[in-house]
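> Structure in structure tokens, see below.
See below:
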């Protein structure tokens, strides 16, 4: 499993917002979530904030889209903002719904899949990944 992708904040490109711009950063994540192409196997993704100790990355999933087994180079939290997403770690799978959150230490293999209840291209399921970089 050492050949699995290991993601860092830079994997997702430059952040659209930075804490260097101001002391306080306020974002409406549902308004700035990326578009997704339902014909592609992977969700839309956008790194939306680079801040002191955390990077926020948004994913928009159409039904059937997934992030196959991968790792993060930092501890992470993952939460559903809209829709339902199956989050798997080891032999355990939980369904993330709005308000639920998962934490994993760095370098733990996991995957995310959109369920059939994940919405549609006009209202995709939205996942917030926070990479804890400090």
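In my numbering, the protein residues as written are 2 to 135. Ideal Cβ positions, reconstructed from N, Cα and C, are used throughout, including at glycine. Source: prediction; values computed, not measured.
1. Throw me the rounded Cβ distance for the residue 68 and residue 112 pair, which I believe falls under 8 angstroms.
2. So what does DSSP say about residue 12, is it helix, strand or coil?
3. My output table needs one value for residue 50: the three-state DSSP class, helix, strand or coil.
4. In terms of residue numbering, what span does the beta strand (DSSP E) encompassing residue 30 cover?
5. Near residue 18, what residues of its chain come up, given a Cβ to Cβ distance below 8 angstroms and the 5 sequence neighbours on each side ignored?
6. May I have the straight-line CA-CA distance separating residue 35 from residue 92, to the nearest angstrom?
7. Between the C-alpha atoms of residue 180 and residue 46, what's the straight-line distance to the nearest angstrom?
8. Helix, strand or coil for residue 116, going by three-state DSSP, please let me know.
9. Output yes or no for whether 8 angstroms exceeds the beta carbon distance between residue 116 and residue 82.
10. Looking at the structure shown, is residue 108 part of a helix, part of a strand, or coil, going by DSSP?
11. Could you give the C-beta distance for residue 13 and residue 58, rounded to a whole number, given that I count them as a contact under 8 angstroms?
12. Is it buried or exposed, residue 127, if we count other Cβ atoms within 10 angstroms and call 16 or more buried?
By the coordinates alone:
1. Within the chain shown, the letter at position 67 stands for residue 68. Within the chain shown, the letter at position 111 stands for residue 112. Correct: roughly 6 angstroms between the Cβ atoms.
2. Taking the chain shown and counting its residues from 1, one reaches residue 12 at position 11. Here residue 12 sits in helix by DSSP.
3. Sequence index remark: in the chain shown, residue 50 carries index 49 (1-based). Residue state, collapsed to three classes: strand.
4. Along the chain shown, read from residue 1 onward, the residue named residue 30 stands at position 29. Taken as a continuous stretch (DSSP letters only), residue 30 belongs to no beta strand (DSSP E), being part of the alpha helix (DSSP H) at 30 to 33.
5. Within the chain shown, residue 18 is the residue found at index 17, counting from 1. Same-chain partners within the cutoff: 26, 28, 49, 50, 51.
6. As a first step, residue 35 must be located in the chain shown, where it is residue number 34. As a first step, residue 92 must be located in the chain shown, where it is residue number 91. Rounded to the nearest angstrom, the two C-alpha atoms are 30 angstroms apart.
7. Any question about residue 180 goes unanswered here, given that the chain covers just 2 to 135.
8. The count along the chain shown starts at 1 and reaches residue 116 at position 115. Note: residue 116 maps to coil in three-state DSSP.
9. Reading the chain shown from its first residue, position 115 is the one you call residue 116. Reading the chain shown from its first residue, position 81 is the one you call residue 82. No; because the gap between Cβ atoms is not below 8 angstroms, this pair is not in contact.
10. Position 107 of the chain shown holds residue 108. If DSSP states are grouped into helix, strand and coil, residue 108 belongs with coil.
11. Taking the first residue of the chain shown as position 1, residue 13 is located at position 12. Taking the first residue of the chain shown as position 1, residue 58 is located at position 57. Between residue 58 and residue 13 the Cβ distance is about 5 angstroms, and since that is below 8 angstroms, they are a contact.
12. As a position in the chain shown, residue 127 is number 126, starting the count at 1. Its Cβ being crowded by 16 or more others within 10 Å, residue 127 is buried.
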